[in-house]
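**Student:** When the letters of the sequence shown are read in order and numbered with my numbering, they come out as residues 130 to 410.
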Amino acid sequence: MRLSSGLLVASGVAGLLSVAAALLAMTAASLQFGLVMLVALLGYVLVSPAARRVRWAVAAGVGLFAVVAALRLFWYQEQVDAAGWLTYGQGLAKTSMMARWREEIDRDRLAALGLALGVLCLAAGVLALPPRGGRRRVATTVLALLLLAWFGLSAARGLGRHPLPELLGTVWPALLAALLSMAALALSGWRTGWRWLLPVGLFLLALDATGTYSDLALAWSGWWSMAHPPDGVFLEVGVAVSTSPEGSLQVSWAVERAIALAGAGLVAVGALRGSRDADAS
130 MRLSSGLLVA SGVAGLLSVA AALLAMTAAS LQFGLVMLVA LLGYVLVSPA ARRVRWAVAA
190 GVGLFAVVAA LRLFWYQEQV DAAGWLTYGQ GLAKTSMMAR WREEIDRDRL AALGLALGVL
250 CLAAGVLALP PRGGRRRVAT TVLALLLLAW FGLSAARGLG RHPLPELLGT VWPALLAALL
310 SMAALALSGW RTGWRWLLPV GLFLLALDAT GTYSDLALAW SGWWSMAHPP DGVFLEVGVA
370 VSTSPEGSLQ VSWAVERAIA LAGAGLVAVG ALRGSRDADA S
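Here it is in structure tokens:
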């Protein structure tokens, strides 16, 4: 087995283990296997034969995804360690719940910015592929427009309840990631790709980006409602406790992990194989 094939198999196995760990609510293991999957995928991209512009653009995108995965793993371990030192009644005296909430939102913004930059690099790799004809161009363009319309209608429902400038000032990295992924999806049909891997991967990345936007907007909306309560409303600060036991199935998070990891993998493989086939022809 060649090195590139071995790295691709290792990446796929690690991705499956990450999704399985997410399904079993094993957060740390899921994040660790996800990081291993992206690192192995990065190695596959670097050793695979392809056009130089395509290979380095895709490698930069996957590398940024790996950096974001490493940051999320570090933040999660830091959160677990900090929770272990707090006892009842002391945590709120040392840190403000609202400040901690805002810190988590800022971290999610940073992760969304990494996602946007990674998608931008992948889009550059798509543009570096040679052009192609066929009906696939129309299909991916229509699919991207439908996804954009759905995303616009979903996002519009949350507008009006909170100040729009403050909302956009918080969620703009996730919004940028969503728009870039949809633009790359529309362009993928105009470029050479290996079968449908490239459009499907970009479609999954677009879904992941829209989910990131929704989660970030929801978190900010909750923080804003707590930080700026209406007049005459009294708020009692409490401690949020998860009602999900560690051994329970977490289907939604497992699906989110599958979409994000599969999207990155399909785009990388589709772009490299498309470049290789174009060079061979």
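Ideal Cβ placement from N, Cα and C applies to all residues, glycine included.
For PRO328, which residues does DSSP report across the bridge?
**Tutor:** In DSSP, PRO328 forms no bridge with anything.
**Student:** Report the partner residues of ARG320 according to the DSSP bridge assignment.
**Tutor:** Partner(s): PRO260.
**Student:** By DSSP, does ARG402 sit in helix, in strand, or in coil?
**Tutor:** Here ARG402 sits in helix by DSSP.
**Student:** Expressed to the nearest angstrom, what Euclidean distance is found between the alpha-carbon atoms of ALA383 and THR156?
**Tutor:** Cα to Cα, the separation comes out at about 10 Å.
**Student:** Scan the stretch 139 to 192 and note each continuous alpha helix (DSSP H) run of 4 residues or more that stays entirely inside, going in chain order.
**Tutor:** Here the runs fully enclosed are 156 to 176.
**Student:** Which one of PHE280, TRP352, TRP204 has the shortest CA to CA distance from GLU295?
**Tutor:** Checking every option, the nearest Cα to that of GLU295 belongs to TRP352.
**Student:** What residue range does the alpha helix (DSSP H) around LEU288 cover?
**Tutor:** Per DSSP, LEU288 belongs to no alpha helix (DSSP H) and is neither H nor E.
**Student:** Consult DSSP for ARG201 and reduce its assignment to one of helix, strand or coil.
**Tutor:** ARG201 falls in the helix class under three-state DSSP.
**Student:** Relative to the C-alpha of ARG266, which residue among ALA315, ALA241, SER381, SER350 is closest?
**Tutor:** With distances taken between Cα atoms, ARG266 lies closest to ALA315.
**Student:** Using 8 Å as the cut-off, can you tell me whether the stretch 236 to 246 makes contact with the stretch 273 to 292, which would need three or more C-beta pairs spanning the two stretches below that distance?
**Tutor:** The stretch 236 to 246, when compared against the stretch 273 to 292, does not touch it at the 8 Å Cβ threshold.
**Student:** Who are the near neighbours of LEU395 in its chain, counting only those whose CB is closer than 6 Å to its CB and skipping five residues on each side?
**Tutor:** So the qualifying residues of the chain are LEU326, VAL329, GLY330.
**Student:** Can you tell me which of the three DSSP states ARG131 falls into?
**Tutor:** Three-state result, ARG131: coil.
**Student:** From GLY340 to LEU333, what distance separates their C-alpha atoms?
**Tutor:** About 11 Å.
**Student:** Just the Cα atoms here: how many angstroms apart are LEU305 and PRO178?
**Tutor:** Whole-angstrom Cα-Cα distance: 31 Å.
**Student:** Give the straight-line distance between the Cα atoms of GLU232 and ARG386, rounded to the nearest whole angstrom.
**Tutor:** Roughly 23 Å between the two C-alpha positions.
**Student:** Alpha carbon to alpha carbon, what distance is there between VAL176 and SER147?
**Tutor:** Spanning the two alpha carbons is a distance of roughly 24 Å.
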